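Number of protein chains: 4
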Amino acid sequence: MIVVMKRTATPEAVQQMARTVEEMGLKAHVIVGTERTVIAAVGDKRNGAKELLESYDDVEQVVPILAPYKVASLETKPEPTTIRTRGLVVGGGNIGVIAGPCSVESEEQILLAAEQVKAAGATGLRGGAFKPRTSPYAFQGMKEAGLKLLALAREKTGLAIVTEVMTPQHVELVAKYTDVLQIGARNMQNYHLLQAVGETRLPVLLKRGPSATIEEFLLAAEYILDQGNQQVMLCERGIRTFETHTRFTLPLATVAYLQERTHLPIVVDPSHGTGIASLVPSMCLAAVACGCDGLIIEVHPEPKKAMSDGAQSLTPAVFADTMARCRLVAAAVGKTIG
Amino acid sequence: MIVVMKRTATPEAVQQMARTVEEMGLKAHVIVGTERTVIAAVGDKRNGAKELLESYDDVEQVVPILAPYKVASLETKPEPTTIRTRGLVVGGGNIGVIAGPCSVESEEQILLAAEQVKAAGATGLRGGAFKPRTSPYAFQGMKEAGLKLLALAREKTGLAIVTEVMTPQHVELVAKYTDVLQIGARNMQNYHLLQAVGETRLPVLLKRGPSATIEEFLLAAEYILDQGNQQVMLCERGIRTFETHTRFTLPLATVAYLQERTHLPIVVDPSHGTGIASLVPSMCLAAVACGCDGLIIEVHPEPKKAMSDGAQSLTPAVFADTMARCRLVAAAVGKTIG
Amino acid sequence: MIVVMKRTATPEAVQQMARTVEEMGLKAHVIVGTERTVIAAVGDKRNGAKELLESYDDVEQVVPILAPYKVASLETKPEPTTIRTRGLVVGGGNIGVIAGPCSVESEEQILLAAEQVKAAGATGLRGGAFKPRTSPYAFQGMKEAGLKLLALAREKTGLAIVTEVMTPQHVELVAKYTDVLQIGARNMQNYHLLQAVGETRLPVLLKRGPSATIEEFLLAAEYILDQGNQQVMLCERGIRTFETHTRFTLPLATVAYLQERTHLPIVVDPSHGTGIASLVPSMCLAAVACGCDGLIIEVHPEPKKAMSDGAQSLTPAVFADTMARCRLVAAAVGKTIG
Amino acid sequence: MIVVMKRTATPEAVQQMARTVEEMGLKAHVIVGTERTVIAAVGDKRNGAKELLESYDDVEQVVPILAPYKVASLETKPEPTTIRTRGLVVGGGNIGVIAGPCSVESEEQILLAAEQVKAAGATGLRGGAFKPRTSPYAFQGMKEAGLKLLALAREKTGLAIVTEVMTPQHVELVAKYTDVLQIGARNMQNYHLLQAVGETRLPVLLKRGPSATIEEFLLAAEYILDQGNQQVMLCERGIRTFETHTRFTLPLATVAYLQERTHLPIVVDPSHGTGIASLVPSMCLAAVACGCDGLIIEVHPEPKKAMSDGAQSLTPAVFADTMARCRLVAAAVGKTIG
């Protein structure tokens with residue numbers, strides 16, 4: 066950490082602060098500049114020290130040097146992680162495609178959707194059984210009945226199941242039926258839930274919260290990794306900005322930025338990232354081109370009859386066409402997709 | 066709802082859409098404009114209809130007319146709600162002041178803090194026993210031991226206790242010790258938790274999520290109200306914007322805007338709203354002047370030794386001075402404070 | 066426009082408002098709903114009416130139906146516009162590539178840069194002679210001497226020149242030397258400047274302001290188009306959001322969204338959009354894949370010695386490699402590039 | 066500056082970088098940490114060095130220590146600046162109130178408005194003659210005729226005139242009629258305009274751009290100060306965030322934050338800051354309470370007939386009432402207002 070002293074700090078104040086730094090178990094180097102004095106505080110102290118030091122009157126700012134995440138870091142594990150479950154492969158040169166409806170609505174709907182996305186080349190099936198909805202008056206999902214239908218769809222198609230779990234008490238139940246546990250964007254900092262999925266040995270798809278920084282995102286992953294579960298996929302699904310013409314703003318630079326820092330694979334969700342079905346295909350192409358390790362896409366047999374997210378769901382025909390175009394782009398960047 | 070048809074929509078497409086609207090149980094009025102045709106869809110349908118209609122090719126946009134929240138609405142209950150618990154009164158012309166440390170750290174610390182904030186005029190005591198922390202490696206709170214210390218502080222001072230509950234399983238435990246259940250910003254859309262506190266009969270302090278719209282904030286309150294618990298305080302604690310010089314951006318216009326729409330009392334948190342102790346007093350004054358019903362302020366006997374949030378905690382002396390100045394401003398706007 | 070009346074509005078107030086609407090030259094249709102009454106105001110009135118009507122006490126909100134831009138609209142001109150100047154072709158199935166240094170620094174530097182980007186396949190040369198800089202103490206550009214060097218580079222290489230003009234008085238001067246007039250992001254709403262470049266017949270590259278909505282962006286273009294200059298390229302260069310790990314957030318969904326609304330070609334600037342050289346290549350690939358009509362990329366013979374924007378400039382070698390990869394992706398989406 | 070080396074940087078790379086720092090005329094102190102090595106670069110180098118150093122492969126980040134603004138800084142001039150022109154006093158314990166319509170519309174309108182705001186206690190009159198409008202089809206102001214009406218209103222009432230100048234060519238003309246030159250938010254980084262008003266000796270009201278950081282805001286002021294004009298008022302008028310219920314988000318913490326860093330007086334614009342007339346009075350009270358040096362408020366004799374910004378303009382009656390309430394709050398915080 067670098068402790069920047071105020072211009073008005075006396076030499077005595079600087080010495081006093083250097084002692085404070087040393088009392089925290091760090092080594093203090095005082096550097097007297099032309100306009101400011103700074104103290105370099107050396108040692109492996111990642112938490113708490115910054116805010117403490119900043120509360121001193123003579124301190125102008127404290128600049129951390131170390132990233133606060135560890136296990137997620139490429140420095141800890143330099144080889145990229147690949148997640149494999151049934152036919153779904155996320156990373157290692159393959160772009161895993163998870164597709165399906167926002168919500169499980171009926172046996173007929175989910176089985177039809179599963180067959181359609183499989184035919185187009187997906188290897189994972191998404192579908193919500195427990196649905197976090199902004200309004201208490203909106204459809205909240207089929208719950209366990211929905212999970213059973215997902216398991217049935219898996220039996221019929223061999224697709225890996227990806228479904229959301231909303232609260233720690235449900236982890237055991239959902240884990241019985243799914244291949245991947247999804248943590249929704251609203252729950253990215255629901256720490257008890259993160260710890261609960263960290264205690265399972267199932268792969269986790271962790272969605273970025275709409276106002277989470279990259280550091281907060283990686284620290285949320287760290288909660289899961291810290292419990293011993295190393296199979297975490299990071300999912301960029303759009304952030305909240307001043308833009309209202311799309312549901313969220315999808316910042317694809319996240320993909321390369323994260324790949325420079327973490328070994329965890331990066332999945333992109335262009336459906337939530339835009340909220341508009343007509344924009345989804347081009348954002349799938351963009352995500353493939355810039356190096357994502359997976360895609361999660363909302364596809365519904367009949368979007369106009371969807372009980373949720375109809376406006377951002379692709380029809381099976383558009384999805385099949387998008388997959389064909391993505392295959393060409395994947396080949397152009399030296400990857401496989403499916 | 067107003068369904069705006071695309072310029073290219075044929076008269077047949079408009080008629081077809083009008084029938085679709087009627088099939089949804091709404092009444093359709095077609096209005097042919099000079100450049101666009103719109104269909105007014107009349108009836109009380111708050112959820113799902115918008116996104117469904119927007120998925121049709123001929124529809125350009127769908128504009129909702131009704132606010133999606135009901136019980137929280139001033140239209141449902143035109144008289145402002147006042148929350149009273151022990152000496153703490155939030156609303157009804159009084160600005161309730163809740164003060165105390167970020168975390169309960171020890172018996173000595175919390176008892177001293179309680180006496181200090183009481184002496185300065187606070188009627189509520191804040192203090193975290195279960196702490197949601199961005200990093201898994203940071204101090205996570207004293208848990209039940211902390212709750213017991215809060216109860217002890219209440220016994221000694223008579224202050225009403227406000228403390229956070231992070232997960233549904235803890236609601237029963239926390240409710241045993243506290244007067245007000247706090248839902249933190251990260252959990253504003255943790256719906257199982259909202260429902261769990263809605264099932265208690267304790268007042269709830271609901272913090273706004275850092276990227277929540279006003280509508281999402283009121284719908285989160287609606288989850289609690291919908292369970293029959295009418296005692297909800299809405300807390301503005303700052304939003305995430307491009308500004309980095311403060312921890313969050315504190316948008317005080319929220320206070321008056323909400324008061325035009327909801328009967329629930331509005332509390333302001335200038336500590337998290339700025340993240341910088343030296344800015345807290347002036348933002349307390351601003352919040353009092355613009356009509357808030359309560360303040361929640363971090364005060365620590367020794368901020369420099371705080372285990373969390375030291376940089377934004379007031380010293381007892383600064384807090385006492387701030388209270389004195391707030392009393393003058395409260396009087397100037399015809400209110401009492403304490 | 067749809068005028069939504071407050072729930073408390075009396076039938077008389079509704080009738081009065083309907084008369085007000087008619088006095089504005091619009092036709093009023095009153096629609097009585099179950100909870101609200103709305104008035105559909107029919108007629109071609111794009112400006113001012115909304116804010117006027119919203120100022121009435123009984124009006125809850127006014128919803129505009131027409132987009133406020135006209136000449137830029139795909140409704141006005143359904144065929145996409147292609148910009149051609151010297152060898153640079155932006156649109157019409159070709160992705161025009163404009164590359165070069167942030168600033169013109171010397172004859173040697175700009176000639177070398179021009180040859181290098183040409184060798185890699187660019188057809189446009191960027192380079193700032195008048196530089197808008199955040200600080201008055203930073204390098205402000207070589208001014209007219211820089212323009213002359215750009216013209217020299219054009220003479221030697223045949224590349225089309227793209228350079229910024231900052232103020233109306235300079236338009237005539239800059240126009241003497243350049244092929245494309247660039248309006249920088251800070252000047253997107255400098256209306257006198259927009260009108261001044263609108264009076265020339267040179268193509269204009271209009272950069273999106275960092276907090277401009279899509280509507281504001283198109284209306285800025287409209288200022289140029291309204292003067293009779295139809296050759297406007299829209300450039301997405303990143304928006305300001307809460308993200309700080311990149312210089313700006315690059316929202317690529319802008320490309321497809323704009324293409325659904327305007328005939329003007331869309332250029333992407335991944336250099337400013339990320340601010341980090343190592344992220345630029347992947348964002349170039351993404352922009353090509355999602356359908357952009359042009360790219361503008363900072364390339365410097367020696368980024369470490371650049372007088373501005375060194376951190377986001379590619380080396381000539383990385384640029385050449387990026388172009389090679391972009392050609393593969395362009396082919397995969399059925400386009401040419403260069 | 067602190068140059069943080071990558072973990073992978075070799076000792077040789079560190080030495081090489083230290084030499085690079087020294088070649089830039091700075092003194093390099095190498096500090097070897099447990100996980101990272103940093104180089105403290107000591108000397109007064111405010112511009113360019115950061116971005117240059119960051120472009121080196123072995124450098125992870127560069128942290129500036131000095132604020133880049135100088136003349137605006139409280140370190141340069143520790144006494145707060147007070148602006149006085151005619152009866153308008155901004156700063157020095159007085160809150161200067163500038164009120165009036167968005168646009169000058171007619172002699173009758175502006176004279177009436179001037180009398181009304183004066184009667185309520187304002188000492189400055191605002192009114193736009195040159196209007197920057199988002200759409201080229203909107204009313205663009207009365208131009209010089211409007212300036213003459215403002216001068217007439219000054220003659221009749223003695224109020225100080227505050228009006229906007231949009232482009233460098235108009236500075237001389239506008240300066241002939243006004244007491245304060247206003248730079249609008251869209252032009253905060255129109256550097257030629259800033260320099261042009263810096264060359265006059267009139268006070269300048271500089272509005273913050275809607276996505277400007279505090280540092281960019283102070284550097285824009287620095288452009289004016291650097292020309293020798295020391296009379297600059299900084300105006301917080303709201304920033305663009307994800308919030309859409311208000312026109313902008315008004316971050317009042319700006320007031321105290323700036324006062325800790327600059328001697329320039331701070332004016333708040335609650336009209337643009339909220340965009341909603343009913344929210345303006347409470348935000349005026351808040352701004353007064355938190356220590357602003359001035360207020361600029363839109364007041365129109367008949368907001369419903371305003372040619373621009375009617376929705377955010379106060380009626381003269383509401384303005385008079387707001388002023389009365391502000392006087393009470395000003396007294397409570399030990400200030401005068403008017």
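Chains as they are written, first to last, in this note's numbering: chain A, 66 to 403; chain B, 66 to 403; chain C, 66 to 403; chain D, 66 to 403.
Glycine included, C-beta positions come from ideal geometry on N, C-alpha and C.
These figures come from a predicted structure and were not determined experimentally.
- C/Ile130 sits in coil when the DSSP states are folded into three classes, being neither helix nor strand.
- Pairing B/Gln254 with A/Leu246, the inter-Cα distance amounts to about 19 Å.
- Annotation: the continuous beta strand (DSSP E) that includes B/Lys272 extends over 269-272.
- For B/Val154, the number of other beta carbons within 10 angstroms of its own is at least 16, and it is reported as buried.
- Beyond the five residues adjoining it in sequence on each side, B/Pro346 comes within less than 6 Å, by CB distance, of Thr387 in the same chain, given in chain order.
- By the rule that beta-carbons nearer than 8 Å mark a contact, D/Phe204 does not touch chain B.
- Counted as a single uninterrupted DSSP element, the beta strand (DSSP E) harbouring A/Gly165 occupies residues 159-165.
- In summary, the residues of the region 282-295 of chain B whose CB is separated from some CB of chain A by less than 7 Å are Leu284, Glu287, Tyr288, Asp291, in the order they occur in the chain.
- Looking at the DSSP output, A/Gln247 sits in a beta bridge with A/Glu229, A/Leu270.
- Collapsing the DSSP output to three states places A/Ile148 in a strand.
- Under the Cβ criterion of 8 Å, A/Thr311 is not counted among the residues facing chain D.
- Near chain A, meaning a CB-to-CB distance below 7 Å, the residues of the region 73-104 of chain D are His94, Ile96, Gly98, Thr99, Glu100, Arg101, Val103.
- Beta-bridge partners assigned by DSSP to D/Lys92: D/Val107.
- Remark: C-beta atoms of B/Val262 and B/Val236 approach each other more closely than 8 Å.
- Fully enclosed alpha helix (DSSP H) runs of no fewer than 4 residues occupy 172-185 of the region 151-220 of chain C, in order along the chain.
- Taking C-alpha positions only, B/Lys142 is separated from B/Ala132 by approximately 15 Å.
- Runs of the beta strand (DSSP E) lying entirely within the region 324-402 of chain A, each at least 3 residues long, are 331-333, 359-363 in chain order.
- In this structure, the CA atom of C/Leu323 is about 8 Å from the CA atom of C/Ile279.
- In the structure shown, B/Glu87 adopts helical secondary structure according to DSSP, grouped into three states.
- Put simply, of B/Pro316, B/Leu284, B/His94, B/Ala351 the residue whose alpha carbon is nearest the alpha carbon of B/Thr327 is B/Leu284.
- Excluding the 5 residues flanking it on each side, D/Ile402 has same chain C-beta neighbours closer than 6 Å at Ile160, Cys391, Arg392, Ala395, in chain order.
- With a cut-off of 8 Å on Cβ pairs, the region 362-376 of chain B is in contact with the region 163-175 of chain B, counting three or more such pairs.
- Between B/Ser336 and B/Pro166, the C-beta gap is not smaller than 8 Å, which leaves the two residues out of contact.
- The shortest CA-to-CA distance from A/Leu360 to any of A/Leu190, A/Ala277, A/Leu259 is the one to A/Leu190.
- Contact with chain C is absent for B/Ile279, since none of that chain's Cβ atoms lies less than 8 Å from the residue's Cβ.
- Going by beta carbons, D/Leu317 and B/Leu267 fall outside the 8 Å limit.
- At a cut-off of 8 Å, the C-beta of A/Thr327 has no neighbouring C-beta in chain D.
- Judged by their CB atoms, B/Glu125 and B/Met70 are nearer to each other than the 8 Å cut-off.
- Taking the Cα positions, A/Lys183 is about 14 Å away from A/Leu215.
- If the five residues before and after D/Thr243 are omitted, its C-beta is found closer than 6 Å to the C-beta atoms of Ile226, Thr228, all from its own chain and listed in chain order.
- Of all alpha-carbon atoms in D/Ala203, D/Arg273, D/Lys115, the one lying nearest the alpha-carbon of C/Gly375 is that of D/Lys115.
- A straight line joining the alpha-carbon of D/Ser276 with that of C/Gln234 spans about 27 Å.
- When beta bridges are read from the DSSP output, B/Thr102 appears opposite B/Val97.
- A residue is called buried once 16 or more other Cβ atoms fall within 10 Å of its Cβ, and C/Lys241, having fewer, is exposed.
- The three-state reading of DSSP puts D/Met253 in coil, since its state is none of H, G, I, E or B.
- Following the DSSP letters along the chain, one finds C/Ile289 inside the alpha helix (DSSP H) bounded by residues 279-290.
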